[in-house]
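Chemist:
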Amino acid sequence: MSYAELIETTGRVNDFLNAGSVLSWDARTMMPKGGAESRSKQLATLAVAARDLLCSDEMKRALDGAARETAGKDEESPEARIVAQVREAIDYHERIPAELLRRKTELGSAAHEVWAEAREKADFSIFAPALTTMVDINREMAEALGYEEHPYDALMYRFEPGTTQAGLTTLFARLREGMIPLIRAIAEADKPRSDFLFRDYPVDGQMAFALKMAEKIGYDLDRGRLDTTVHPFEVSFTRNDVRITTRVNKNYMPMSLFGALHEAGHAMYEQGVDPAYTRTPLATDLISLYAVGGVSFGAHESQSRLWENHVGRSRAFWKNHMDDIRAAYPGTLDDVSEEEFYLAINRSEPSFIRVEADELTYDFHVMVRCELEAKMIDGSLEVADLPEAWNAAMKEYLGVDVPDDANGVLQDVHWSSGQIGTFCNYTIGNIMAAQLFDTATSKKPEIQTALDNADYTPLRNWLTENVAQHGRRFSRDELLEKATGRTLDPEPYIAHLTKKYSDIYALN
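Our numbering puts the first residue of the sequence shown at 1059, with every later residue one more than the last.
(1) Decide if Ala1498 is buried, meaning its Cβ has at least 16 other Cβ atoms within 10 Å, or exposed.
(2) Which value, in whole angstroms, describes the spacing of the CA atoms of Pro1155 and Ala1102?
(3) If Gln1223 sits next to Ala1526, beta carbons under 8 Å apart, how far is it from one beta carbon to the other, in whole angstroms?
(4) CB-CB under 6 Å to Pro1219, same chain, minus the five flanking residues each way: which ones, in chain order?
(5) Considering Ser1294, what are the terminal residues of the alpha helix (DSSP H) in which it resides?
(6) If contacts are defined as beta-carbon pairs under 8 Å, then Met1380 and Ser1314 qualify, I think. What distance do you get, rounded to the angstrom?
(7) First and last residue of the beta strand (DSSP E) that includes Val1300?
(8) Under 8 Å: do the stretch 1269-1279 and the stretch 1322-1340 share three or more Cβ pairs, one atom per stretch?
(9) Ala1231: buried (16+ other C-beta within 10 angstroms of its C-beta) or exposed?
(10) Tell me, please, whether the stretch 1291-1311 touches the stretch 1083-1098 by the rule of three or more beta-carbon pairs shorter than 8 Å.
(11) My output table needs one value for Asp1285: the three-state DSSP class, helix, strand or coil.
(12) Between the Cα of Gly1069 and the Cα atoms of Leu1111, Ala1094, Lys1099, which residue gives the shortest distance?
(13) Let me make sure I understand the geometry here. Which of Met1089, Asn1072, Ser1114, Pro1136 has the alpha-carbon closest to that of Tyr1602?
(14) State buried or exposed for Lys1453, treating a residue as buried only when at least 16 other CB atoms are found within 10 Å of its CB.
(15) Tell me the DSSP bridge mates of Tyr1348?
(16) Span of the alpha helix (DSSP H) holding Gly1356?
(17) Touch check for the stretch 1489-1504 and the stretch 1197-1204: three-plus C-beta pairs under 8 Å?
(18) In terms of residues, what are the limits of the alpha helix (DSSP H) holding Ile1489?
(19) Below 8 Å on the Cβ atoms is my guess for Arg1336 versus Val1306; work out the distance and round it to an integer in Å.
(20) Can you tell me whether DSSP reads Val1460 as helix, strand or coil?
(21) What residue range does the alpha helix (DSSP H) around Asn1076 cover?
(22) Thinking just about the alpha-carbon of each residue, which of Leu1226, Glu1116, His1170, Leu1159 is nearest to the one in His1289?
(23) Using the rule of at least 16 other Cβ atoms within 10 Å of the residue's Cβ for burial, across every protein chain shown, is Asn1483 buried or exposed?
(24) Comparing alpha-carbon positions, which option in Thr1522, Ser1474, Asn1404 lies nearest Lys1558?
(25) Given that a residue counts as buried once 16 or more other Cβ atoms are within 10 Å of its Cβ, and exposed if not, what is Met1088?
(26) Using 10 angstroms around the beta-carbon of Ile1505, count the other beta-carbons present and answer buried if the total reaches 16, otherwise exposed.
(27) Tell me whether the beta-carbon of His1151 lies closer than 8 Å to the beta-carbon of Arg1109.
(28) Starting from the Cα of Ala1374, find the closest Cα among Tyr1259, Asp1513, Glu1178 and give me that residue.
(29) Exposed or buried, Pro1090, counting other C-beta atoms within 10 Å across all chains shown (16 or more means buried)?
(30) I need the straight-line Cα distance from Glu1407 to Arg1177, nearest angstrom please.
(31) Have a look at Asp1132, Ala1447, Leu1364, Ala1402 and flag the residue whose alpha-carbon is nearest the alpha-carbon of Ile1562.
(32) Give me, in chain order, the residues of the same chain whose beta-carbon lies closer than 7 Å to that of Glu1396; leave out the 5 immediate sequence neighbours on both sides.
(33) Quick one: is Asn1566 buried, meaning 16 or more other Cβ sit within 10 Å of its Cβ, or exposed?
(34) Using the three-state DSSP reduction, which class does Arg1531 fall into: helix, strand or coil?
(35) My output table needs one value for Cys1113: the three-state DSSP class, helix, strand or coil.
(36) Nearest by alpha-carbon distance to Phe1267: which of Lys1162, Arg1384, Ile1148 is it?
Next comes the structure, spelled out in structure tokens:
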């Protein structure tokens, strides 16, 4: 067996995962409700088939041959990294019984429809039985995988290797230290006008404008498309077919626009992966069994948050595109200046919904989820008590009284698919986004000059060169060190928020 045979065999794993991604995309955009039960079994079959091939004797023989053939390669070479990652993935999955994976995948597909119904009816009791089973399955997975300090660590490894509950506690404390003074000061400040965001915006017009702006920043429509869904997402079936979704509220236009910009950031990451890595482990997450090129979920989130917030919510963006949005909605925004629009889309106020939260309060939503997840996994919080605990945490962190389950514990899709341990990625992505953007614009001032003139190519090229093209070749911290000279650092993020919101609210 040889290295070429390893690439071909792992490519077949990638094929299984991409087929599953197509079925998942269809389930969340096109599939009628009646298809949920059979679709869950189809997805489970593909996931188990991918896992079985990954852990097969055929794969192990190919791995041994590839290891001998590439023994002299530099440890950072693509070949050496592929061998190491396949070996790690086999070890990881052999600790998880195949039947456990099947149960989790079947439930994850079926539970999505249950969650959607519960959310529509704002009734957590409909979803609670499925979530209880999903939490039990994740506890089993944590025990099978093993951990040193907290079972939550084992689950986070799947999405953000190296992140621990103890580390998150320290990171969250530093963010609260930097953010809470801003939030308190803003509470006493005058609020910017925002009434015009809630006017009548036709659905078709919103979708057309959202897609136009996604394409403007660099989303390649020859390799992508935009659809609507309940909870926005991006999905790639190799770098040559990367699809995004958004959701639309005809009386709140920013939802569709910034949802599309966010998902376009994810998509450009996938579209920017080195073509040579297609169907290889450097474009396949063999631990999570997703056909993605991002090195971690946090790294992926950094690209979406960077394009959504550092670009899409910037003054320069609306200086350049205010005429475009006025043209998209004739007469609707004629009484609104670009400065008023900029202030409105960046206003900070505690809210119920994470995906609609402003930059400053967003991470408090993440803290709530991470802390409650960890308690559910270690058994200190029962699923039945989750709504009460959720509402209490939202009151403590954001001072809001959650009106119902749809605006509270049921708002995120992740738990229905079994993605427990992934919410930390959103805050890590925010931190990485600021760190990368600060480095790019500091090292190459011409990038900011280009952004000021509606030219997004220099920034996109820098991100492709320093992040996207590498796929999964480097770890998250290796990628950050190579791009910015240091590992994960919250200080640029805190500085960004302090500067931006002090300016918006004239804080001294």
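C-beta: ideal position from N, C-alpha, C; glycine also.
Owing to the predicted nature of the structure, the values given are computational and were not obtained by experimental measurement.
Modeler: A quick look at the data gives this:
(1) What you label residue 1498 is simply residue 440 of the sequence shown in a count that begins at 1. Burial check for Ala1498: the Cβ neighbour count within 10 Å reaches 16 or more, so the residue is buried.
(2) Along the sequence shown, one-based indexing puts residue 1155 at 97. Along the sequence shown, one-based indexing puts residue 1102 at 44. The straight-line gap from Cα to Cα measures roughly 14 Å.
(3) Here residue 1223 corresponds to residue number 165 of the sequence shown, with the count starting at 1. Here residue 1526 corresponds to residue number 468 of the sequence shown, with the count starting at 1. The distance from the Cβ of Gln1223 to that of Ala1526 is about 30 Å, inconsistent with a contact at the 8 Å cut-off.
(4) Sequence index remark: in the sequence shown, residue 1219 carries index 161 (1-based). Leaving aside the five residues that flank Pro1219 on each side, none in its chain has a CB nearer than 6 Å to its CB.
(5) Counting from 1 along the sequence shown, the entry for residue 1294 is found at position 236. Taken as a continuous stretch (DSSP letters only), Ser1294 belongs to no alpha helix (DSSP H), being part of the beta strand (DSSP E) at 1292-1294.
(6) As a working mapping, residue 1380 is identified with position 322 in the sequence shown. As a working mapping, residue 1314 is identified with position 256 in the sequence shown. The pair is not a contact, with the Cβ atoms about 18 Å apart (cut-off 8 Å).
(7) Within the sequence shown, residue 1300 is the residue found at index 242, counting from 1. In the DSSP assignment, Val1300 falls within the beta strand (DSSP E) that extends over 1300-1304.
(8) Verdict: yes, contact present.
(9) Taking the sequence shown and counting its residues from 1, one reaches residue 1231 at position 173. Exposed, because fewer than 16 other Cβ atoms sit within 10 Å of the Cβ of Ala1231.
(10) Short answer: they touch.
(11) Working through the sequence shown from its first residue, we reach residue 1285 at position 227. In this structure, Asp1285 counts as strand in the three-state DSSP scheme.
(12) Here residue 1069 refers to the residue found at position 11 when the sequence shown is read from its first residue. Answer by Cα proximity: Leu1111.
(13) Given a span of 1059 to 1566 for the chain in the structure shown, any question on residue 1602 remains unanswerable.
(14) To locate residue 1453, count along the sequence shown from 1; it is residue 395. Lys1453 is exposed by the Cβ-count criterion.
(15) Taking the sequence shown and counting its residues from 1, the one referred to as residue 1348 is at position 290. Per DSSP, Asp1343.
(16) As a first step, residue 1356 is located in the sequence shown; it is residue number 298 there, counting from the start. Run containing Gly1356: 1355-1363, per the alpha helix (DSSP H) assignment.
(17) Between the stretch 1489-1504 and the stretch 1197-1204, the count of C-beta pairs closer than 8 Å stays below three; the two stretches do not touch.
(18) As a working mapping, residue 1489 is identified with position 431 in the sequence shown. Run containing Ile1489: 1482-1501, per the alpha helix (DSSP H) assignment.
(19) Working through the sequence shown from its first residue, we reach residue 1336 at position 278. Working through the sequence shown from its first residue, we reach residue 1306 at position 248. Checking the sequence shown, residue 1336 turns out to be Thr, not Arg. Contact annotation, Thr1336 with Val1306: C-beta distance approximately 33 Å; criterion of less than 8 Å not satisfied.
(20) Residue mapping note: residue 1460 aligns to position 402 of the sequence shown, counting from 1. In the three-state reduction of the DSSP assignment, Val1460 falls in the coil class, being assigned neither a helical nor a strand state.
(21) The residue you call residue 1076 lines up with position 18 of the sequence shown. Where Asn1076 is concerned, the enclosing alpha helix (DSSP H) starts and stops at 1061-1087.
(22) Position 231 of the sequence shown, counted from the first residue, corresponds to residue 1289. Selected option, being the one with the closest Cα: His1170.
(23) In the sequence shown, counting from the first residue as 1, residue 1483 sits at position 425. Classification of Asn1483: buried, given that the 10 Å Cβ count is 16 or more.
(24) The residue given as residue 1558 occupies position 500 in the sequence shown. The shortest C-alpha separation from Lys1558 is found at Asn1404.
(25) For the purposes of this step, residue 1088 is identified with residue 30 of the sequence shown, where counting begins at 1. With fewer than 16 other CB atoms across the displayed protein chains lying within 10 angstroms of its CB, Met1088 is exposed.
(26) Here the question's residue 1505 lines up with position 447 in the sequence shown. With 16 or more Cβ atoms within 10 Å of its Cβ, Ile1505 is classed as buried.
(27) Numbered from 1 along the sequence shown, position 93 holds the residue referred to as residue 1151. Numbered from 1 along the sequence shown, position 51 holds the residue referred to as residue 1109. Closer than 8 Å, so yes.
(28) Here residue 1374 corresponds to residue number 316 of the sequence shown, with the count starting at 1. For the residues Tyr1259, Asp1513, Glu1178, the minimum Cα distance to Ala1374 belongs to Asp1513.
(29) Counting from 1 along the sequence shown, the entry for residue 1090 is found at position 32. Pro1090 is exposed by the Cβ-count criterion.
(30) For the purposes of this step, residue 1407 is identified with residue 349 of the sequence shown, where counting begins at 1. For the purposes of this step, residue 1177 is identified with residue 119 of the sequence shown, where counting begins at 1. Going from the Cα of Glu1407 to the Cα of Arg1177 covers about 24 Å.
(31) Walking along the sequence shown from the start, residue 1562 turns up at place 504. Out of Asp1132, Ala1447, Leu1364, Ala1402, the CA that lies nearest to the CA of Ile1562 is found in Ala1402.
(32) Here residue 1396 corresponds to residue number 338 of the sequence shown, with the count starting at 1. Closer than 7 Å at Cβ, skipping near neighbours: Trp1376, Lys1377, Met1380.
(33) Position 508 of the sequence shown, counted from the start, is the residue given in the question as residue 1566. Label assigned to Asn1566: exposed.
(34) If you number the sequence shown from 1, residue 1531 lands on position 473. Coil, per DSSP.
(35) Against the sequence shown, residue 1113 aligns to sequence position 55. Under the three-state reduction of DSSP output, Cys1113 falls in the coil class, being neither helix nor strand.
(36) Locating residue 1267 in the sequence shown gives position 209, where the first residue counts as 1. The shortest Cα separation from Phe1267 among Lys1162, Arg1384, Ile1148 belongs to Arg1384.
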